[in-house]
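Numbering (the numbering used here), first residue to last: 6 to 83.
The beta carbon of each residue, even a glycine, is placed where N, CA and C say it ideally should be.
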Amino acid sequence: MAAGVKAAELRELSEEELVTRLREAKAELFNLRVQAATGQLDNNRRLQVIRREIARIYTIMRERELGLSAAPTEVTAS
6 MAAGVKAAEL RELSEEELVT RLREAKAELF NLRVQAATGQ LDNNRRLQVI RREIARIYTI
66 MRERELGLSA APTEVTAS
C-alpha cells in the first residue's frame with residue numbers, strides 16, 4: 006500500500022474500527038522508526054504516509070467528538 010488511506014474511507018468506519026486502525030498504524034510507525042534507526046528501512050516515504058494516516062484518523066475522531074460529522078449508522082435487516 007504505497008498510498009495512504011483516503012479520509013472518505015475512514016469516515017465510513019465505526020468508532021471501534023477507527024481505534025483499531027489507529028492502533029495498527031501506530032504499531033507500524035514504531036516498526037518503521039526502528040527500521041530507520043537500524044538502517045534497514047527501504048522506503049522512507051512510508052513514514053510520512055503512516056504519519057498522515059494517523060493524523061487523518063485523529064481528525065475524524067475529533068470531528069465526531071465535536072459533532073461536525075456523525076459516525077455511520079448501521080442498517081439492520083428487518
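Judging by CA-CA distance, which residue of the options is the nearest neighbour of residue i?
i   : options          : result
E29 : L46, E17 and E58 : E58
A60 : R26, E21 and E17 : R26
Quick one: what does DSSP say residue i is sitting in, helix, strand or coil?
i   : result
L15 : helix
Express the C-alpha separation of residue j and residue i in angstroms, rounding to a whole number.
i   : j   : result
L37 : E70 : 30 Å
I65 : Q45 : 32 Å
L23 : R67 : 12 Å
M6  : A75 : Confidence is the limiting factor: at M6 the pLDDT is only 43, short of 50, which leaves the residue's position unreliable, though a coordinate-based value still follows. Distance between the alpha carbons of M6 and A75 is about 27 Å.
A32 : G72 : 28 Å
I62 : A12 : 8 Å
R50 : E17 : 26 Å
D47 : E21 : 32 Å
L34 : T78 : 30 Å
I55 : A41 : 14 Å
**OP:** For the stretch 20-75, list the alpha helix (DSSP H) runs that are entirely contained and at least 4 residues long, ordered along the chain.
**Re:** 20-43 and 50-71
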